[in-house]
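Chains as they are written, first to last, in my numbering: chain F, 1 to 334; chain Z, 1001 to 1336.
Quick reminder that beta carbons are idealized off the backbone N, C-alpha and C, glycines included.
Since we're looking at a predicted model, the values are computed, not measured.
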């Protein structure tokens, strides 16, 4: 499990380089073939028993920002990359650009707010402070186009994990574990670490088009909503209840055969699982199905507060998702 | 003493109002390194350092407490409700990791959660959840957490640039660090005042540990060292900026006489200063000190600070040094 290391790396959409390098290091000795494509997707290959092609993917990118301007007072303006909830970014530490310059997302003190305390900030209110007083102190250190990622903040608390970027480093960590497990793979398997999921499922689309798989699995981390104010019937998933098998989500009804197969395998092996009860949010499964026509299925690790700088996961869900995928990859699809 | 190092250590210590012991203990150790004179912790938990000198009695105050959180209700599983003290912006706490101290002295970590945006309605997405709607997701030592346990931000301080330091509770640990620094500078001076350095508790919860001390010391002058909003324009107010030196407050809670004296001294020793007008209420310990022990002439000196009461407040290190220099000279000269 590489949750801690992976979530602490900066890799917002379009700037996945460091994540890719880390993954490459961890898997290159374990696969028969590995390459980076034009967009930056990392595709690793392992031979299976049968000459059918299985693609299994997780996306490397996380939501964040990009530097859009350096203001006269030395503050840095940004534009979002992916859907960052701006209500959750104030008072956070960030890392800017290749040189990893730290900054703070500051905000007008509560004492100086009037009736706007419960108004969500707009992107124009979000300014990064790197401890400068004027533009000239920032120029040369930071440039327009630099990425802005939430600063590393992971912690393992016995059975719980908290940190940024769980969506989808959780999936990346699981994919590395699957590669390193030396499974007796049923099919020729393409392990894809995709880019720019948060900006419209871009990487997976290109990868699937190239691979043209017969089947595809996507490993995601997904929303839960098992919060106090949210009634049980409206929750999407619950933490501690196992991998989330998805019947349908925004833009794609997952493949029925794979869906039923995953449930059967989980049941036969006494792996706790849950069916996702909401359809909000899209995943790479849509892009794969669209570009290659392959039947696809998303299985996710349930988590809380994704797309904010501090997400929570229950490690038993990680373990059970890993168990389920370990068996799925060894079995012929029924 | 290394001002930056001391301030970083102070920032990292946890001491919401009423629970300042850890901070007071650290300050006591630092004070002992600097001054051989009387150091006392009173019944309430305020720390008072007295420095000998012939002349007026000058007491200088810095509050040591920080804003905090208190567990008010257990929901199910890991979820708790909370209340706050000290003025907390819900926008600044969502997705923050808080550090709670349990009754058995264990540390519990909790995350301030809100419903994932994906699951919210269009209407709820247009609003920031209020403090009552937010909750704490306790991911460590959840079984040890009880109603009434106290917590605070867990953000770690660091140097943002050569000039700026950021971290939690710089309101008013910055004042505490400066107070220690003044004591050290004064070791080099012949002092024409008897001075009392007071590290007082409970400013943020509005109780003020400073009040009782005034009755005991009966100072001729009380100087309150706190922080103020820097680098933000406020309609009808002068813009206070970081890096431009200590802020001298002026208004009815301030002694105009001493205000003129410290202003003149700043000019004489070339300390840049800024003037901030304050109306009826300063929302600092000054308000209560002025009307204690038969009425005390007061000065309020503030360090400009960005993003007050958020997990990453920011101060300019030079402002701290210059504030210390001005006040050390002022105290050494007996408030002249």
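is_contact[residue i, chain B] using C-beta, thresh 8 Å
i, result
"residue 59 of chain F", "The chain inventory of the structure shown lacks chain B, comprising the protein chains F and Z."
Beta-carbon spacing of residue i, residue j below 8 Å
i, j, result
"residue 298 of chain F", "residue 285 of chain F", "yes"
"residue 1221 of chain Z", "residue 1258 of chain Z", "yes"
"residue 311 of chain F", "residue 305 of chain F", "yes"
"residue 1145 of chain Z", "residue 1109 of chain Z", "no"
"residue 1334 of chain Z", "residue 1211 of chain Z", "no"
"residue 1226 of chain Z", "residue 1141 of chain Z", "no"
"residue 121 of chain F", "residue 224 of chain F", "no"
"residue 1161 of chain Z", "residue 131 of chain F", "yes"
"residue 95 of chain F", "residue 102 of chain F", "yes"
"residue 1168 of chain Z", "residue 1016 of chain Z", "no"
"residue 176 of chain F", "residue 1092 of chain Z", "no"
"residue 324 of chain F", "residue 159 of chain F", "no"
"residue 346 of chain F", "residue 168 of chain F", "It is not possible to answer for residue 346 of chain F, since the shown part of chain F is limited to 1 through 334."
"residue 1150 of chain Z", "residue 1100 of chain Z", "yes"
"residue 1128 of chain Z", "residue 87 of chain F", "yes"
"residue 1023 of chain Z", "residue 1049 of chain Z", "no"
"residue 300 of chain F", "residue 254 of chain F", "no"
"residue 313 of chain F", "residue 161 of chain F", "yes"
"residue 1224 of chain Z", "residue 1298 of chain Z", "yes"
Listed by chain order, chain F residues near residue i by CB distance under 8 Å
i, result
"residue 1337 of chain Z", "Chain Z is shown from 1001 up to 1336; residue 1337 of chain Z falls before or after that span and cannot be answered."
"residue 1205 of chain Z", "Ordered by position in chain F, no residue passes the 8 Å Cβ test against residue 1205 of chain Z, which lies about 16 Å from the chain."
"residue 1079 of chain Z", "227, 228"
Short CB-CB distance (under 8 Å) between residue i and chain F
i, result
"residue 1004 of chain Z", "no"
"residue 1310 of chain Z", "yes"
"residue 1234 of chain Z", "yes"
"residue 1145 of chain Z", "no"
"residue 1119 of chain Z", "yes"
"residue 1318 of chain Z", "no"
"residue 1023 of chain Z", "no"
"residue 1271 of chain Z", "no"
"residue 1323 of chain Z", "no"
"residue 1037 of chain Z", "no"
"residue 1123 of chain Z", "no"
"residue 1284 of chain Z", "no"
"residue 1166 of chain Z", "yes"
"residue 1133 of chain Z", "yes"
Proximal chain F residues relative to residue i, where beta-carbon distance stays under 7 Å
i, result
"residue 1101 of chain Z", "Here the premise fails: no neighbours, minimum Cβ distance about 16 Å."
"residue 1063 of chain Z", "Result: empty, since nearest Cβ-Cβ is about 16 Å, beyond 7 Å."
"residue 1161 of chain Z", "130, 131, 132"
"residue 1137 of chain Z", "304, 312"
"residue 1075 of chain Z", "228"
Partners in chain Z for residue i, counting only beta-carbon separations shorter than 7 Å
i, result
"residue 119 of chain F", "1128"
"residue 78 of chain F", "Simply none; closest approach about 16 Å."
"residue 112 of chain F", "1229, 1232, 1234"
"residue 236 of chain F", "1119"
Contact with chain Z by residue i, beta-carbon distance below 8 Å
i, result
"residue 93 of chain F", "yes"
"residue 230 of chain F", "yes"
"residue 225 of chain F", "yes"
"residue 126 of chain F", "no"
"residue 12 of chain F", "no"
"residue 153 of chain F", "yes"
"residue 85 of chain F", "yes"
"residue 280 of chain F", "yes"
Listed by chain order, chain Z residues near residue i by CB distance under 8 Å
i, result
"residue 88 of chain F", "1094, 1095, 1114"
"residue 249 of chain F", "Per Cβ cutoff of 8 Å: no residues; residue 249 of chain F is ~10 Å from chain Z at best."
"residue 310 of chain F", "1095, 1096, 1097, 1111"
"residue 109 of chain F", "1089, 1229, 1232, 1307, 1308, 1309, 1310"
Under 9 Å from the C-beta of residue i: neighbouring residues of chain F
i, result
"residue 1243 of chain Z", "133"
"residue 1158 of chain Z", "93, 102"
Per-residue contacts from residue i into chain Z (C-beta, under 9 Å)
i, result
"residue 162 of chain F", "1097, 1109, 1111, 1137, 1139, 1140"
Runs of beta strand (DSSP E) lying entirely within the stretch 28-80 of chain F, each at least 3 residues, in chain order
33-36, 42-46, 50-59, 64-70
Contact the stretch 39-59 of chain F vs the stretch 210-221 of chain F: 3+ CB pairs below 8 Å
yes
Count the C-beta pairs between the stretch 1035-1046 of chain Z and the stretch 1195-1203 of chain Z that are closer than 8 Å, then say yes if the count reaches three, no if not.
yes
Between the stretch 179-193 of chain F and the stretch 37-45 of chain F, are three or more C-beta pairs nearer than 8 Å?
yes
Counting pairs of beta carbons, one from the stretch 1082-1089 of chain Z and one from the stretch 1242-1259 of chain Z, are three or more of them closer than 8 Å?
no
Residue ranges of each alpha helix (DSSP H) within the stretch 1230-1283 of chain Z, 4 or longer:
1256-1268
For the stretch 9-23 of chain F against the stretch 142-157 of chain F, are there 3 or more C-beta pairs whose distance is under 8 Å?
yes
What alpha helix (DSSP H) runs, 4 residues minimum, are completely inside the stretch 1166-1224 of chain Z?
1170-1186, 1210-1217
Three-pair Cβ contact test at 8 Å for the stretch 231-241 of chain F versus the stretch 257-277 of chain F
yes
Three-pair Cβ contact test at 8 Å for the stretch 1104-1120 of chain Z versus the stretch 1226-1243 of chain Z:
no
Answer yes if the stretch 1300-1307 of chain Z comes into contact with the stretch 1276-1284 of chain Z, meaning at least three C-beta pairs across the two stretches below 8 Å, and no otherwise.
yes
What residue ranges within the stretch 1062-1115 of chain Z form continuous alpha helix (DSSP H) runs of no fewer than 4 residues, ordered along the chain?
none
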